[in-house]
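Asks: So the sequences go chain by chain: L and R.
The opening position of the first sequence corresponds to residue 1 in full-length UniProt numbering, with each subsequent residue numbered one higher.
The opening position of the second sequence corresponds to residue 1 in full-length UniProt numbering, with each subsequent residue numbered one higher.
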Amino acid sequence: MLEVSHLTVGYGSKPVLKDVSFRLADGEILAVIGPNGAGKSTLVRALSGILPPQCGSIRYNGRDLCSLSVQERARMIAVVPQARNLPAGFTAWQVVSLGRTPYLNWFGQLSPADEELVREAMRRTDTAHLAERLVGELSGGELQRLLLARALVQATPVMLLDEPTTHLDLQYQIGLLNRVVEVVRQPISGNGNGKPHSPAALVVLHDLNLVARYADRVLLMVDGCVRSCGTVSDVLRPAMLSEAFGVPLEVMRSPNGKYPLVVPLMA
Amino acid sequence: MKGRIVHPFWIALVALLAALLLSVLVGSVSLSLMDMARVVAARLSGTEIGGDLRVADTILFSLRLPRTALVALTGSALAVCGTSYQGLFRNPLADPYLIGVASGAGLGAVIALSLRWRYDALGLLAVPLASFSGAVLTVLMVVMLARVGRSLPVTNLLLAGVAVNSFTGAMTSFLLLRSTGELRRAIAWLMGGSAMGGWQPVLAVLPYWLIGLGILMTMGHALNVMQFGDEQAQQLGLPVEATRWVIIAVSSLATAAAVSFTGIIGFVGLIVPHLLRLLTGGDYRRLLPLSLLGGAAFLLVADVLARVVMTPQELPVGIITALAGAPFFIWILRRSRTLPYWS
Numbered sequence: 001m002l003e004v005s006h007l008t009v010g011y012g013s014k015p016v017l018k019d020v021s022f023r024l025a026d027g028e029i030l031a032v033i034g035p036n037g038a039g040k041s042t043l044v045r046a047l048s049g050i051l052p053p054q055c056g057s058i059r060y061n062g063r064d065l066c067s068l069s070v071q072e073r074a075r076m077i078a079v080v081p082q083a084r085n086l087p088a089g090f091t092a093w094q095v096v097s098l099g100r101t102p103y104l105n106w107f108g109q110l111s112p113a114d115e116e117l118v119r120e121a122m123r124r125t126d127t128a129h130l131a132e133r134l135v136g137e138l139s140g141g142e143l144q145r146l147l148l149a150r151a152l153v154q155a156t157p158v159m160l161l162d163e164p165t166t167h168l169d170l171q172y173q174i175g176l177l178n179r180v181v182e183v184v185r186q187p188i189s190g191n192g193n194g195k196p197h198s199p200a201a202l203v204v205l206h207d208l209n210l211v212a213r214y215a216d217r218v219l220l221m222v223d224g225c226v227r228s229c230g231t232v233s234d235v236l237r238p239a240m241l242s243e244a245f246g247v248p249l250e251v252m253r254s255p256n257g258k259y260p261l262v263v264p265l266m267a
Numbered sequence: 001m002k003g004r005i006v007h008p009f010w011i012a013l014v015a016l017l018a019a020l021l022l023s024v025l026v027g028s029v030s031l032s033l034m035d036m037a038r039v040v041a042a043r044l045s046g047t048e049i050g051g052d053l054r055v056a057d058t059i060l061f062s063l064r065l066p067r068t069a070l071v072a073l074t075g076s077a078l079a080v081c082g083t084s085y086q087g088l089f090r091n092p093l094a095d096p097y098l099i100g101v102a103s104g105a106g107l108g109a110v111i112a113l114s115l116r117w118r119y120d121a122l123g124l125l126a127v128p129l130a131s132f133s134g135a136v137l138t139v140l141m142v143v144m145l146a147r148v149g150r151s152l153p154v155t156n157l158l159l160a161g162v163a164v165n166s167f168t169g170a171m172t173s174f175l176l177l178r179s180t181g182e183l184r185r186a187i188a189w190l191m192g193g194s195a196m197g198g199w200q201p202v203l204a205v206l207p208y209w210l211i212g213l214g215i216l217m218t219m220g221h222a223l224n225v226m227q228f229g230d231e232q233a234q235q236l237g238l239p240v241e242a243t244r245w246v247i248i249a250v251s252s253l254a255t256a257a258a259v260s261f262t263g264i265i266g267f268v269g270l271i272v273p274h275l276l277r278l279l280t281g282g283d284y285r286r287l288l289p290l291s292l293l294g295g296a297a298f299l300l301v302a303d304v305l306a307r308v309v310m311t312p313q314e315l316p317v318g319i320i321t322a323l324a325g326a327p328f329f330i331w332i333l334r335r336s337r338t339l340p341y342w343s
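#1: Reducing DSSP to helix, strand and coil, say where residue 328 of chain L ends up.
#2: Using a C-beta to C-beta distance shorter than 9 Å, which residues of chain L count as neighbours of His221 of chain R?
#3: Does the beta carbon of Val183 of chain L come closer than 8 Å to any beta carbon on chain R?
#4: Where does Ile330 of chain R land, buried or exposed, given buried means 16+ other C-beta within 10 angstroms?
#5: Run the CB neighbour count on Pro132 of chain R, radius 10 Å, all protein chains shown included, and call it buried at 16 or more, exposed below.
#6: Which ranges does the alpha helix (DSSP H) cover as unbroken runs of at least 4 residues, wholly within the segment 35-96 of chain R, from first to last along the chain?
#7: Quick one: residues in its chain with C-beta nearer than 7 Å to the C-beta of Arg73 of chain L, no 5 flanking neighbours on either side, listed in chain order?
#8: Against Leu130 of chain L, what residues of chain R qualify as contacts under a CB-to-CB distance less than 9 Å, listed in chain order?
#9: Measure the Cβ-Cβ separation of Val225 of chain R and Thr127 of chain L and say whether it is below 8 Å.
#10: When burial is assigned at 16 or more other CB atoms within 10 Å of the CB, is Val263 of chain L buried or exposed?
#11: Express the C-alpha separation of Tyr97 of chain R and Leu78 of chain R in angstroms, rounding to a whole number.
#12: What separation, rounded to the nearest whole angstrom, lies between the Cα atoms of Asn156 of chain R and Ser103 of chain R?
#13: Work out the CA separation of Ala46 of chain L and Met191 of chain R for me, nearest whole Å.
#14: Can a CB atom of chain R be found closer than 8 Å to the CB of residue 268 of chain L?
#15: Starting from Asp162 of chain L, follow the beta strand (DSSP E) in both directions and report where the run begins and ends.
#16: Taking the straight line between their C-alpha atoms, what separation do you get for Leu86 of chain L and Val272 of chain R?
#17: Identify the residues that DSSP records as bridge partners of Leu86 of chain L: which are they?
#18: Under 8 Å: do the segment 157-168 of chain R and the segment 25-33 of chain R share three or more Cβ pairs, one atom per stretch?
#19: Please return the same chain residues whose Cβ sits closer than 7 Å to the Cβ of Gly295 of chain R, not counting the five positions on each side in sequence.
#20: Report the three-state DSSP secondary structure of Ser67 of chain L (helix, strand or coil).
#21: Between L:Val135, L:Asp207 and L:Leu241, which lies nearest to Thr166 of chain L when the distance is taken from Cα to Cα?
#22: According to DSSP, simplified to helix, strand and coil, what is Ala200 of chain L?
#23: Which residue from L:Pro255, L:Ser254, L:Leu210 and L:Arg237 puts its Cα closest to that of Ile29 of chain L?
#24: The beta strand (DSSP E) with Ser5 of chain L in it runs from where to where?
#25: Are Ala131 of chain L and Trp93 of chain L touching if we call contact CB-CB under 8 Å?
#26: Taking three-plus beta-carbon pairs below 8 Å as touching, is the segment 95-109 of chain L in contact with the segment 55-62 of chain L?
#27: With DSSP run on the structure shown, which of helix, strand or coil describes Val222 of chain L?
#28: Determine the direct distance from the alpha carbon of Arg38 of chain R to that of Leu44 of chain R, and round the result to whole angstroms.
#29: With a cut-off of 8 Å on the beta carbons, I'd call Leu220 of chain L and Gly39 of chain L a contact; round off their distance for me.
#30: For Asp253 of chain L, which residues in the same chain have their Cβ closer than 8 Å to its Cβ, ignoring the five residues on either side in sequence?
#31: So Tyr103 of chain L is in the beta strand (DSSP E); what residue range does that whole segment cover?
#32: Whose C-alpha, out of L:Val70, L:Met76 and L:Leu51, is nearest the C-alpha of Arg63 of chain L?
#33: Strictly under 8 Å for the Cβ-Cβ distance: is Gln54 of chain L near chain R by that measure?
#34: In the DSSP assignment, find the unbroken alpha helix (DSSP H) run with Met252 of chain L in it and report its ends.
#35: With a 10 Å radius around its C-beta and 16 neighbouring C-beta atoms as the bar for buried, classify Ala201 of chain L as buried or exposed.
#36: Look at Gly100 of chain R and Val142 of chain R and say whether their C-beta atoms are less than 8 Å apart.
Below you can see the structure in the form of structure tokens.
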């Protein structure tokens, strides 16, 4: 269980996140939504230790993450960033294997167990056939799956995904999120020092219909504050969304009746 | 990259051995392999070296070997530091001089020369000492200017480097214009052409070289991780700030030490890493040791050319590296335009 309580974070003296609190259970997918500038990416940067909190705490099972070293923290939280500006001369295998960094010595030598873990992560993300290819030759969808594989071999209890579907075609968006659900429900075999267990996943998403389809719970942020946090049907309500995003929105049911469908209303 | 028949490491090693041999044998007086073998055999067996061999012995042990050693140390330091800086700043144009080593060293040397030291041992050593202090002080100044709290943003560092570089460069030009006597020597030094003779400079550079390159050789994995940018590197568990400080400190020291005895030699720290990247890809665990071998080989060959193209006059080796290096570099870049090799 990841517990964020009263987290306040800012650049300089101006706070960007104000008194943010929420909980994220193991094996759960929490979607973070909100208009641009609401602090979604800042939340990812704060949780992963790039920005130190001014107030509040970030704990996993009671353990204070902010007191950990950079290396220890990378064993607790992995980040899947957007696939941009990746080193073009690296092979796909190198990219994924660097996810083992928090467990390796200064020289970065992989053990056979590490290599097996990298292979498994690449199988799980459908990137095994790309192992010898150079990053510069791969498509956006393939790169995003590689970054997911890299986060998987970090074998952390918490995984943060920062707009992983932006810049992807619809088929790759769905493909990627399906794999995220898979790895959260059926975790990777562990890192040799612990039994397999389901990571908690926090995903920043823009597409509210993907949120409705994939998230277990939703965190709506506005202006650096938590506006609402709860199940999909709790948060995806027309009045709340319309106010948060500043456009009139309607929530309907999908034709098969399973998922809410968010539709902007034209004036 | 696929189907590689010979490991690049062996190519670099053979190239270095060939360059070492060439540098020992070729010069205004050329030695044959036979002469060298006889001198070495005589030295090893401790027998008296007589007659015609005495000249060969002097050339070999008092001139060629120390010079070869100094050039090899300088070339490898420049190339390894170039590779490290390019990786650290994720910038293909970074080289060891970027944050003020060269301009600071130049200013130090020109100040020392304009003080009119006498031509004795102390006077000769004063120039490298002054250029070394100049380089270290300038780098310190750049780092202090770029620092924000305890962190060292790359953009600040590059901008501070540009500003301080042009300031110290202007000071150097000003001093050169005002000075009268030693102008020629100072200019030769600035062009990378004042390799001092004897073993003294080699011994003076060696500790910095050993510490600097010894530490940099271990940075391959860290530099690989840093290719994803500071933020991702930290999220992957690398203490980015500390690593950056260490790399800047040790490579500045190694470069400053090398430069202070050989003058300012451009292009080695730029060309060699790029050439090796084409040969072997973007893995810094390979690039660093290969740069050590390749940089030494490259500068040795350039130094041999500097000795022979206008015999008996010697050219500053910096002129050779720039004259041969710049067109070669452009040719490589044009050829590799389609390859996604930069990382």
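The beta carbon of each residue, even a glycine, is placed where N, CA and C say it ideally should be.
Replies: The structure says:
#1: Outside the shown range of chain L (1 to 267) lies residue 328 of chain L, about which nothing can therefore be said.
#2: Leu98, Thr101, Leu104, Asn105, Trp106, Phe107, Gly108 and Gln109
#3: no
#4: exposed
#5: Going by the sequence as given, residue 132 of chain R is Phe instead of Pro. So Phe132 of chain R counts as buried.
#6: 52-58 and 65-89
#7: Gly49 and Leu65
#8: Near Leu130 of chain L there are no residues of chain R at all, since even the closest Cβ is about 14 Å away, more than 9 Å.
#9: no
#10: exposed
#11: 9 Å
#12: 18 Å
#13: 49 Å
#14: Any property of residue 268 of chain L remains undetermined from this structure, which presents chain L solely from 1 to 267.
#15: Val158 to Asp162
#16: 23 Å
#17: DSSP lists no partner for Leu86 of chain L.
#18: no
#19: Gly75, Ser76, Leu78, Ala79, Val80, Val268 and Val272
#20: helix
#21: L:Asp207
#22: strand
#23: L:Leu210
#24: Leu2 to Tyr11
#25: yes
#26: no
#27: strand
#28: 10 Å
#29: Not a contact, Cβ separation roughly 12 Å.
#30: First, the residue type needs correcting, since residue 253 of chain L is Arg and not Asp in the sequence shown. The residues are Tyr259, Pro260 and Leu261.
#31: Element bounds for Tyr103 of chain L: n/a, residue is neither H nor E.
#32: L:Met76
#33: no
#34: First-last for Met252 of chain L: Leu249 to Arg253, but that is the beta strand (DSSP E), not the alpha helix (DSSP H).
#35: buried
#36: yes
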